[in-house]
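Accompanying notes for the structure given below.
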Amino acid sequence: MRWRGPIQISRGPLDCIKFIARKQWFVAGSSDGIHVQEEAIKKKKIQRFRARVSSVTSLAVHPTKPYVLSSSYGGLIKLWDWDKGWECITTFEGEHSDVVCQLAFNPNDTSSFASVSNDRTIKVWGLDSPKSHYTLSGHSDNVKCLDFFTRDDGQYLITGSVDNTAKIWDLQKKTCILTLEVFRSPVIYVFSHPNLPVLITGTRNGIIYLWSSTDFRLRGILNILRGADVMGLACLMESRRVVIGQSHAISIVDIDDEETIGSKGDFESSI
1 MRWRGPIQIS
11 RGPLDCIKFI
21 ARKQWFVAGS
31 SDGIHVQEEA
41 IKKKKIQRFR
51 ARVSSVTSLA
61 VHPTKPYVLS
71 SSYGGLIKLW
81 DWDKGWECIT
91 TFEGEHSDVV
101 CQLAFNPNDT
111 SSFASVSNDR
121 TIKVWGLDSP
131 KSHYTLSGHS
141 DNVKCLDFFT
151 RDDGQYLITG
161 SVDNTAKIWD
171 LQKKTCILTL
181 EVFRSPVIYV
191 FSHPNLPVLI
201 TGTRNGIIYL
211 WSSTDFRLRG
221 ILNILRGADV
231 MGLACLMESR
241 RVVIGQSHAI
251 SIVDIDDEET
261 IGSKGDFESS
271 I
């Protein structure tokens with residue numbers, strides 16, 4: 001591993017960061033705005049601008065267009081176009097009444113995206129209008145995370161909440177079809193595996209749950225660093241390997257197919 005050293009890009013703490021692979025940039029959100037930087041070798045700052053007065057809470061990169069979504073405290077969502085000098089081309093506001101915690105583009109319909117908020121709602125939006133298409137309600141506390149996935153050619157969302165549940169939403173029917181209630185701690189990260197029919201949920205007490213995305217049965221539990229918040233989950237394309245970010249550590253786990261996920265998983269290493 002080659003260490004390239006830290007890059008100081010903000011005076012405040014970074015709340016979110018995304019990599020824009022086709023530009024070899026990363027974009028980071030902090031209390032003092034949005035920062036766009038070339039990859040670490042050149043250490044060249046491309047742009048810095050303020051999304052609004054309050055902190056940036058989430059970012060989402062469009063898979064094909066030159067767009068980045070940002071959210072912040074107060075429920076504000078903005079769409080930025082880097083081909084237009086990072087001009088804000090749409091503002092989505094006046095609907096979420098509290099902090100927007102996460103944004104995600106729909107991979108099957110990239111003209112739409114979803115947001116979750118501390119106002120306990122999930123909203124589905126289109127890029128063609130500043131108003132949401134519809135709202136999903138059902139969680140009894142702050143909704144912290146979401147991810148899209150497909151099942152039987154249908155489009156679904158999984159969301160996680162401080163109410164200690166994760167919910168499965170059918171986007172065609174616009175309704176919750178299942179609530180996962182095995183958790184003893186807030187669900188603060190959810191992830192749909194890109195290569196396997198597996199949903200992964202991470203909780204504030206550090207436990208990882210693996211679910212089948214076909215029948216929604218619990219397939220395994222990973223208790224690697226109990227008590228350490230699950231801060232992030234990621235996977236390389238065409239890989240069964242999942243990287244789990246927790247407080248003060250990163251763990252790497254190889255996930256088997258849905259029929260053979262064990263109760264402990266195949267834990268490889270922790271850094």
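Mind the numbering: the sequence shown is residues 1 to 271 in full-length UniProt numbering, read in order.
Beta carbons are placed, not taken as given, at the ideal position from N, Cα and C, and that holds for glycine.
No experiment lies behind these values; they were computed from the predicted model shown.
Element boundaries [beta strand (DSSP E), containing residue i]
i	result
S72	67-72
D170	166-170
residue 273	In the structure as shown, the chain begins at 1 and stops at 271. Residue 273 is therefore absent and cannot be evaluated.
V61	56-61
L199	198-203
V100	100-105
DSSP three-state assignment for residue i, whether helix, strand or coil
i	result
D152	coil
residue 272	The shown model of the chain, from 1 to 271, leaves out residue 272, and the question about it has no answer.
T135	strand
L210	strand
V190	strand
G94	coil
residue 305	No answer is possible for residue 305: the residues shown for the chain start at 1 and end at 271.
E87	strand
G75	coil
I250	strand
L180	strand
residue 281	The displayed coordinates of the chain run from 1 to 271. Any statement about residue 281 would go beyond what the structure contains.
R2	Because the pLDDT of R2 is 49, which lies under 50, any placement of that residue in the model is unreliable, and the number read from its coordinates should be weighed accordingly. In the structure shown, R2 sits in coil (DSSP, three-state: anything other than H, G, I, E or B).
V162	coil
residue 272	There is simply no residue 272 to check, as the chain begins at 1 and stops at 271 in what is shown.
K23	coil
D128	coil
R219	strand
R241	strand
Spatially closest choice to residue i from the options, by CA coordinates
i	options	result
V56	S71, K65, H62	S71
K65	Y73, S31, P107, D98	P107
N223	A234, E87, I252	I252
G74	N164, S140, D147, E93	E93
D147	V99, L171, I20	L171
W80	V143, L178, V162, G33	G33
E233	G206, L14, Y189	The question names Glu, yet the displayed sequence has Leu at residue 233. For the residues G206, L14, Y189, the minimum Cα distance to L233 belongs to Y189.
C176	S185, T165, F183	T165
G220	A249, L236, H248, V182	V182
Q155	P63, F105, G245, F26	F105
R184	I208, L178, V198, P194	I208
V99	F113, T110, S117, S112	S117
H62	S213, L127, V36	L127
H96	D256, G138, K123, G29	K123
V242	S112, P194, R226	P194
W211	F149, Q246, A228, S247	F149
Beta-ladder partner(s) of residue i, from DSSP
i	result
A28	I17, H35
L225	DSSP lists no partner for L225.
S111	Paired residues: none, contrary to the question.
D141	Bridge partners of D141: none, in fact.
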